[in-house]
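This note's numbering puts the first residue of the sequence shown at 1465, with every later residue one more than the last. Data first, discussion second: the structure below is written as structure tokens.
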Amino acid sequence: MIAVGVELLNKRDGDALLLLLDGSTDWIRIAGLVADIEKPVIVAVDDPADLEGAAEAGLVPLALNKEKAPVLERLQEALLEAAADEVIRPNGDVVAVYSGFQQGRLDSISYLQLDERMRRFTSRDLQQIESSVPLKTIKAVVDLAVDIGREGREGKAVGTLFVVGDTRKVMEHASDSGVDPYRGYNKSFRYLLDPKVQEDAKEIAQLDGAFIVSADGYIERSRQMLEVSHDDLKMTKGLGSRHWAAAAITLKTKAVSVVVSQSTGTVRLYQNGFLILQIVPTNKAIKWQEFSFEPPQAGGDD
Ligand SMILES: Nc1ncnc2c1ncn2[C@@H]1O[C@H](COP(=O)(O)OP(=O)(O)OP(=O)(O)O)[C@@H](O)[C@H]1O
């Protein structure tokens, strides 16, 4: 199967060969099988310990930590990580060899043409913004924002805005747009890293205005209108007032803004007035063909 993968890669002039494996193997032997390729050969397994020796053999090791996940999810994760590591171009072509039907046996080959819009935030992206807000809080807010962008509420698309960190300064630029359901509530009902609080926040996100969140993850206010001038900003055309406000508040304060577009579900993160991250909901980022495989009927007429 690996030899056929190599042949396909060479014929189609693809960007990389991806071997999705169920565990460690003889890396030297694999390196021998792929010696004819000048492109990267990525070996992806779940447990990082299983990758020992892979890099020395000239392969690109990738740990997935997705042991129980279905094969397509593991493949997707491998591609996203490889793109994030810049081993493959986000719109490159990859030949993947993997166990599609039987664990432990390489029985499937796919030629994958990646989607240019493939973009997912990684911990590495987030570290860039950690300076003003702890990674833990940013990650929770971004995850929640991505959920809101992807799921909406009761079939309707929802857009919203979270302004995180530098709370006191942010509040100087904010005013109530309606009754704020969080005001006066005990801290335990406002801790955004708590899944129950996240579910409540999804409801409130349907209402106008922004959430103001402290650097340690507590919702301090919701339904806030931000009043900030946009004079010093350069923004992509087509973005509306919520996005302008999101960017502008990060120019006036040390806060980070996370905004969900109601029209597209895209999540954008601003810091110092700049767009730092743009996350298209992942289920829209790559269009996978479902496998349609029907095993032959046992005891049939043939
Ligand atoms: N200055 C602001 N502060 C807080 N929220 C705002 C502000 N301006 C707009 N919003 C919120 O954004 C909502 C939609 O505004 P608008 O359509 O201009 O935003 P947008 O940036 O185009 O976002 P979307 O992509 O979601 O349509 C408003 O109903 C309001 O809830």
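Backbone N, C-alpha and C define an ideal beta-carbon position, used for all residues, glycine too. This one's a predicted model, so the numbers in the text were calculated from it and none came from an experiment.
At the level of alpha carbons, what is the spacing between L1484 and V1744? As a working note, residue 1484 is residue 20 in the sequence shown. As a working note, residue 1744 is residue 280 in the sequence shown. Distance between the alpha carbons of L1484 and V1744: 25 angstroms.
Cβ of D1672 within 8 angstroms of Cβ of G1623? For the purposes of this step, residue 1672 is identified with residue 208 of the sequence shown, where counting begins at 1. For the purposes of this step, residue 1623 is identified with residue 159 of the sequence shown, where counting begins at 1. By the CB criterion at 8 angstroms, D1672 and G1623 fall outside the cutoff.
Which of the three DSSP states is assigned to E1520 in this structure? One-based indexing of the sequence shown puts residue 1520 at position 56. Coil at E1520, not helix or strand.
beta-carbon L1578 near ligand 1 non-hydrogen atom, thresh 7 angstroms: Numbered from its first residue, the sequence shown carries residue 1578 at position 114. Taken from the Cβ of L1578, every heavy atom of ligand 1 lies 7 angstroms or farther away.
I want to check one thing, is the minimum distance from the CB of M1465 to the heavy atoms of ligand 1 below 7 angstroms? Taking the first residue of the sequence shown as position 1, residue 1465 is located at position 1. M1465 Cβ: outside cutoff for every heavy atom of ligand 1.
Span of the alpha helix (DSSP H) holding R1493? In the sequence shown, residue 1493 corresponds to position 29, counting from 1. Counting along the chain, the alpha helix (DSSP H) containing R1493 begins and ends at W1491 to L1497.
Report the option in Q1735, D1640 and A1499 whose CA atom is closest to the CA atom of Q1688. In the sequence shown, counting from the first residue as 1, residue 1688 sits at position 224. Taking only the C-alpha atoms, the option nearest Q1688 is D1640.
Euclidean distance between Cα positions of A1527 and S1727: Within the sequence shown, residue 1527 is the residue found at index 63, counting from 1. Within the sequence shown, residue 1727 is the residue found at index 263, counting from 1. Distance between the alpha carbons of A1527 and S1727 is about 35 angstroms.
State the Cα-Cα distance for the pair L1599 and V1606, rounded to the nearest angstrom. Indexing the sequence shown from 1 puts residue 1599 at position 135. Indexing the sequence shown from 1 puts residue 1606 at position 142. If I take the Cα positions, the gap works out to 10 angstroms.
Beta carbon of A1674, beta carbon of F1738: below 8 angstroms? In the sequence shown, the residue the question calls residue 1674 occupies position 210. In the sequence shown, the residue the question calls residue 1738 occupies position 274. No. Outside cutoff.
Any non-hydrogen atom of ligand 1 within 7 angstroms of L1690 CB: Walking along the sequence shown from the start, residue 1690 turns up at place 226. For L1690, the shortest C-beta to heavy atom distance toward ligand 1 is below 7 angstroms.
Identify the continuous beta strand (DSSP E) that holds A1480 and give its terminal residues. Position 16 of the sequence shown holds residue 1480. A1480 -> beta strand (DSSP E) spans A1480 to L1484.
R1617 (DSSP reduced to helix, strand or coil): Stepping through the sequence shown from its first residue, residue 1617 is reached at position 153. R1617 falls in the strand class under three-state DSSP.
Would A1679 and V1628 be called neighbours here (beta carbons separated by less than 8 angstroms)? Start at 1 with the first residue of the sequence shown, and residue 1679 comes out as number 215. Start at 1 with the first residue of the sequence shown, and residue 1628 comes out as number 164. In this structure, V1628 lies closer than 8 angstroms to A1679 by Cβ.
Give me, in chain order, the residues of the same chain whose beta-carbon lies closer than 7 angstroms to that of L1539; leave out the 5 immediate sequence neighbours on both sides. Within the sequence shown, residue 1539 is the residue found at index 75, counting from 1. The residues L1484, A1560 and Y1562, in chain order, have a CB closer than 7 angstroms to that of L1539 in the same chain once the five nearest residues on each side in sequence are set aside.
Within a Cβ cutoff of 6 angstroms, which residues of the same chain sit near V1731, ignoring the five residues on either side of it in sequence? Translated into the one-based positions of the sequence shown, residue 1731 becomes position 267. For V1731, where only same-chain residues beyond five positions count, the Cβ hits under 6 angstroms are A1609, V1610, G1613, V1724 and I1743.
With contact counted as at least three CB pairs below 8 angstroms, one residue from each stretch, are the segment 1501-1512 and the segment 1473-1487 in contact? In short, these stretches touch, since the Cβ pair count reaches three.
Please identify the residue among K1666, A1519 and R1706 whose C-alpha is closest to the C-alpha of E1618. Indexing the sequence shown from 1 puts residue 1618 at position 154. That would be K1666, whose Cα lies nearest to the Cα of E1618.
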